[in-house]
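One structure is given here, and the rest of the page talks about it.
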Amino acid sequence: MTEYSRRFAALDTNVVHAGRPEPSVEGAVVTPIFQSANYLMGDESAYGDLRYARLSNSPNHHVLDARLAVLENTEAALVTSSGMSAITCTLLAFLRSGDHVIAHNSLYGGMQAWFEHEGPKLGITCTRIDAKTAEGWERALRPETRVVYVESITNPLMEVLDLEAIVAFARRHGLTSIIDNTFTSPVNFRPHDLGFDLSVHSATKYLNGHSDIVAGAVAGTRAHIERVRHVLNHMGGSLDPHACFLLERGMKTLVLRMERQNATALRVARALVANRKVRRVNYAGLEDDPGSKIARKIFKGCGGMLSFYTQTAEQAARFLERVRIPIHAASLGGTETLVVRPSRSSHLGLTAEERDRVGVTDDLIRVSVGIESAEELVADFEQALAGA
Ligand SMILES: *Cc1c(COP(=O)(O)O)cnc(C)c1O
């Protein structure tokens with residue numbers, strides 16, 4: 117029997133070793149790719165133990181599930197085919213027709229659409245609130261409310277909600293609390309330690325970190341993850357073994373990358389604050405940012421995502437043309453710095469008035485800071501702004 121229970125004390129050690137197969141497969145130092153859809157039947161009386169790649173039970177899945185659970189400090193975890201599949205299966209495991217969810221506004225675009233279009237088809241409704249005050253949550257509560265759904269840092273304004281108060285609210289009313297921990301990653305925040313029931317990830321972003329696969333993950337108690345596993349098995353959102361291999365490889369450098377991205381993003385944010393072409397910077401690592409107090413209390417770092425407003429929309433457009441190191445692209449969390457205008461990408465579906473109301477104007481630029489030289493990156497941002 118292969119075991120996947122190895123764990124150590126430090127996160128830095130665990131990203132490399134937690135859950136590695138023991139004994140090792142044929143002596144391999146790295147988990148080989150188990151590119152096989154099905155497996156020998158074994159004992160016919162144990163059909164429940166069927167091994168089949170859609171059931172996420174290859175060695176590649178086992179290693180990742182074990183490692184993710186250790187990283188998130190939960191009993192169990194499950195890797196999935198995308199962030200959206202992790203979130204969908206998690207929500208469907210805890211919701212049925214007639215149930216109600218409370219979430220904050222400014223959710224990830226895919227989730228905005230989920231709650232607006234997919235949930236209602238299944239009889240699942242959602243109240244989206246301005247989550248900055250605790251009264252918003254209480255007022256949204258209904259007898260049929262079952263789940264509270266939040267993101268650790270919002271996109272693209274990088275707000276930090278009062279996550280402790282949200283956990284307390286969920287506990288007080290017996291609601292299941294689910295948090296999208298994509299932007300923070302377990303290096304900066306472990307939601308379970310604060311009392312969240314489940315954390316979900318787009319592993320496409322920081323966990324994998326190399327912009328070369330789409331994957332997802334969910335972590336929680338063993339009982340909670342078993343519920344999600346049943347839904348995942350039936351809905352068919354398993355991750356391909358080859359992508360599992362790439363995710364395992366990418367995750368080994370998660371701590372190195374994240375610590376570097378925390379530091380570089382702070383340097384870029386400070387340089388932007390000092391730049392006269394910049395009207396405002398959104399980054400919780402800045403002392404006078406509205407999210408700074410909570411971030412300092414519960415996050416180890418503020419991550420690699422920041423956004424800023426130039427003085428005019430034209431300057432933002434010219435900045436994007438002039439900047440040389442960053443790549444003009446959506447998505448985030450990779451080794452390369454990315455820049456994008458949310459008003460022209462994630463928020464294109466809103467009217468100009470709606471975008472104004474939520475602060476996603478044409479002069480807003482979102483940055484996913486990579487692992488390049490901070491000095492060279494800052495210099496590049498400065499030359500691009502100087503000519504903007
Ligand atoms: C990208 C993203 C998702 C969706 O993940 P996919 O891997 O693209 O399915 C969900 N939440 C957040 C915060 C994201 O950034």
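For what it's worth, the working numbering labels the leading residue of the sequence shown as 117, then goes sequentially. No residue lacks a Cβ here, since even glycine has one placed at the ideal position from N, Cα and C.
According to the DSSP assignment, residue 418 belongs to no beta strand (DSSP E), since it is labelled neither H nor E.
For ligand 1, the residues with a Cβ under 7 Å from any of its heavy atoms are, in chain order, 198, 199, 200, 201, 203, 224, 226, 227, 267, 271, 296, 298, 299, 318, 319, 320, 321, 330, 331, 332, 447 and 448. Residue 156 and residue 139 have their alpha carbons spaced roughly 20 Å apart. In terms of Cα proximity to residue 497, the closest of 480, 365, 439 and 504 is 439. Residue 252 is bridged by DSSP to nothing; it lacks a bridge partner.
Every beta strand (DSSP E) of 3 residues or more that sits fully in the region 228 to 285 is shown, in chain order, as 241 to 245 and 261 to 267.
Each residue's CA atom was taken as its position, placing residue 494 and residue 382 some 11 Å apart. Taking residue 149 as the centre and dropping the five residues before and after it, the same chain places the C-beta of 357, 358 and 361 closer than 6 Å to its C-beta, in chain order.
When rounded, the separation of the alpha-carbon atoms in residue 334 and residue 311 is 15 Å. Beta-bridge pairing by DSSP links residue 196 to 332. Inter-segment contact for the region 175 to 186 and the region 117 to 133 is present: three or more beta-carbon pairs are separated by less than 8 Å. By the beta-carbon neighbour count (other beta carbons within 10 angstroms, threshold 16), residue 397 is buried. Of the residues 143, 464 and 172, the one whose Cα lies closest to the Cα of residue 332 is 172. For residue 341, the enclosing alpha helix (DSSP H) starts and ends at 338 to 351.
Excluding sequence positions up to five before and after residue 489, its CB lies less than 8 Å from no other CB in the same chain.
Residues 245 and 246 of the same chain have their beta carbon placed closer than 7 Å to that of residue 252, with the five preceding and five following residues left out of the count.
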